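What follows is a set of notes on a single structure, which appears directly below.
2 protein chains.
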Amino acid sequence: MPKQVDYAERRERVVDAVHRLADRHGIEGVTLRDVAREAGLSMGAVQRGFRDKDEMLALALARVSARFVERARAAAAEPSPGALERVLLDVALLGEGQRAEAQVWLAFVARAAVTPSLAMTLRDGHPEVASLLTRLVAEVAAGSGASVDAAAEARALLALADGLTVQVLLGQLGRDEARRLLVDRARLLAEATRPEAGKRAGPTG
Amino acid sequence: MPKQVDYAERRERVVDAVHRLADRHGIEGVTLRDVAREAGLSMGAVQRGFRDKDEMLALALARVSARFVERARAAAAEPSPGALERVLLDVALLGEGQRAEAQVWLAFVARAAVTPSLAMTLRDGHPEVASLLTRLVAEVAAGSGASVDAAAEARALLALADGLTVQVLLGQLGRDEARRLLVDRARLLAEATRPEAGKRAGPTG
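Going down the list, the protein sequences come from chains A and B. Just so you know, this note's numbering puts 175 at position 175 of the first sequence, and the rest follows in order with no gaps. Take any residue in the second sequence, count from 1 to its spot, add 205: that is its number in this note's numbering.
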């Protein structure tokens, strides 16, 4: 089936191009034409593969999500407070090489806020990540025998991660500081479930 | 100076129009022409007032910011745990009538992520809000005599508020649930600075 193979490979090339463009200057002003040029494809080839920019963006985000879920599952496979931290840092896309992924996410978010079908794509991925984080939070809390609303904690941590991603992209916060805030929050959670939480003294490590 | 008065009033009308359009269907796809029509002005009038869409958006955001800072100052004028909660809810633009403000903010954020001059506008407003929140957090902590890194707490709360704004706009989280998560976080902060924090039991009120 050489035709199908070409088609899949072409979509891969387009997604690669979207990520490279996002890394260089965001994707707000990027057109199908820009993507075709970057991917080394004709406009016709891109147009046959994608209805419009939103569909292209959805595929680029799908790759970000797939990679993220894969990493999160791997990190969650060995439950520990460290796993919670690693998954959170990964959700927040705060790694050195993740700026392109963060840009793709933010561009998608901005369009999804006004395009219900795109918002649905983002909502579809949300429950798995939320339940994965909920499990990790519950495990951290169980370690100290305290009762915590793990689902609520997980949702708050997810929102914090999203907010940090935005602030780092805007330069309101440095990447290192954002990482520190997120890790501190995960550690406070582990500490706050212990009797000495009030003091917030000493590292958890 | 009738000419200057006209000019200021025209800018007001344009900003009103941007907010109404944002409320109706976001501002991602909104053009100068759309705004002119909504404002009941000619394209020429709009073009004389604004270099481009980004400048228009910057003015619309400036109004969101100005109103917010005004409300935050008023809430902070009577320091209490309640004041911290009120300011946070306001930062997160989670009020019934604040969807348009939230849309303007998100659209601006998405463009600012790729336009350094816009990012600077957002960064300029950040320190005042951060220092106001830092003061409120410090007051809440001082009430229980515990030591907390108030600046770091304030930054984390700001990021949480931003993340919640995004998740509510996307429909990943209900507005009421987002409000509850934010208020809980502010209350946990007040509790966590007390010896019984480990239990997380009982309301703060």
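C-beta atoms are modelled at their ideal positions from N, C-alpha and C, and glycine is treated no differently. The structure presented is a predicted model; accordingly, all values stated were derived computationally and were not measured.
Just the C-alpha distance for residue i and residue j, rounded to the nearest angstrom, thanks.
| i | j | result |
| --- | --- | --- |
| GLY300/B | VAL388/B | 13 angstroms |
| ALA361/B | ARG340/B | 14 angstroms |
| PRO321/B | ALA312/B | 15 angstroms |
| TYR7/A | ARG71/A | 27 angstroms |
| ASP52/A | GLY330/B | 36 angstroms |
| ALA391/B | ALA263/B | 30 angstroms |
| LEU189/A | LEU132/A | 16 angstroms |
| THR204/A | GLU191/A | Residue confidence for THR204/A is low, a pLDDT of 44 falling below 50, so the modelled location carries little weight; the figure read from the coordinates is stated next. Looking at the two C-alpha atoms, the distance is approximately 7 angstroms. |
| HIS230/B | VAL114/A | 6 angstroms |
| ARG11/A | ALA364/B | 35 angstroms |
| LEU327/B | GLU85/A | 29 angstroms |
| GLY407/B | VAL91/A | Low per-residue confidence applies at GLY407/B: pLDDT is 42, beneath 50, and the placement is therefore not dependable enough to give any value. |
| ALA22/A | VAL148/A | 39 angstroms |
| ALA357/B | GLY234/B | 37 angstroms |
| GLY376/B | ARG268/B | 25 angstroms |
| ALA74/A | ALA66/A | 12 angstroms |
| THR193/A | ALA288/B | Any reading at THR193/A must be qualified, since the residue scores a pLDDT of 44, below 50, and its modelled position is unreliable; no value is offered. |
| ALA45/A | ALA39/A | 10 angstroms |
| VAL342/B | GLN308/B | 28 angstroms |
| GLY348/B | PHE50/A | 58 angstroms |
Just tell me which of the options has its CA closest to the CA of residue i.
| i | options | result |
| --- | --- | --- |
| ALA119/A | LEU41/A, PHE50/A, LEU61/A | LEU61/A |
| GLU55/A | VAL15/A, ALA141/A, ALA138/A, ALA159/A | VAL15/A |
| ALA161/A | ASP149/A, ALA150/A, ARG175/A, GLU78/A | ARG175/A |
| ARG111/A | VAL371/B, ASP354/B, PRO332/B | VAL371/B |
| LEU386/B | LEU369/B, ALA227/B, VAL292/B | LEU369/B |
| LEU293/B | ASP228/B, ALA244/B, ALA335/B | ALA335/B |
| ARG225/B | ARG253/B, THR236/B, VAL240/B | VAL240/B |
| TRP310/B | ALA281/B, PHE273/B, ARG384/B, ALA383/B | PHE273/B |
| VAL140/A | MET43/A, GLU177/A, ALA76/A | ALA76/A |
| LEU298/B | VAL373/B, GLY254/B, ALA279/B, ALA250/B | VAL373/B |
| GLU333/B | GLU283/B, VAL314/B, ALA347/B, ALA359/B | ALA359/B |
Starting from the beta carbon of residue i, find every residue of chain A whose beta carbon is closer than 7 angstroms, and list them in chain order.
| i | result |
| --- | --- |
| LEU311/B | ALA110, ALA113 |
| ARG253/B | Here the premise fails: no neighbours, minimum Cβ distance about 24 angstroms. |
Starting from residue i, find everything on chain B with Cβ-Cβ shorter than 8 angstroms and list it in chain order.
| i | result |
| --- | --- |
| LEU164/A | ALA364, GLY368 |
| LEU173/A | ARG360, ALA364 |
Which residues in chain A have a C-beta closer than 9 angstroms to the C-beta of residue i? List them in chain order.
| i | result |
| --- | --- |
| ALA265/B | Those within 9 angstroms of ALA265/B in chain A number zero; the least Cβ separation is about 15 angstroms. |
| GLY231/B | ALA110, ARG111, ALA113, VAL114, THR115 |
Under 9 angstroms between beta-carbons, which chain B residues line up against residue i? List them in chain order, please.
| i | result |
| --- | --- |
| GLN103/A | ALA318, VAL319 |
Note down, in chain order, every chain B residue with its Cβ under 7 angstroms from the Cβ of residue i.
| i | result |
| --- | --- |
| GLN167/A | ALA364, ASP367 |
For a contact defined as C-beta to C-beta under 8 angstroms, what are the partners of residue i on chain A?
| i | result |
| --- | --- |
| GLN303/B | Those do not exist, as GLN303/B stays about 14 angstroms from chain A at its closest Cβ, beyond 8 angstroms. |
| ARG390/B | ALA156 |
What runs of the alpha helix (DSSP H), each 4 residues or longer, lie entirely inside the segment 227 to 311 of chain B?
237 to 244, 248 to 254, 258 to 281, 286 to 296
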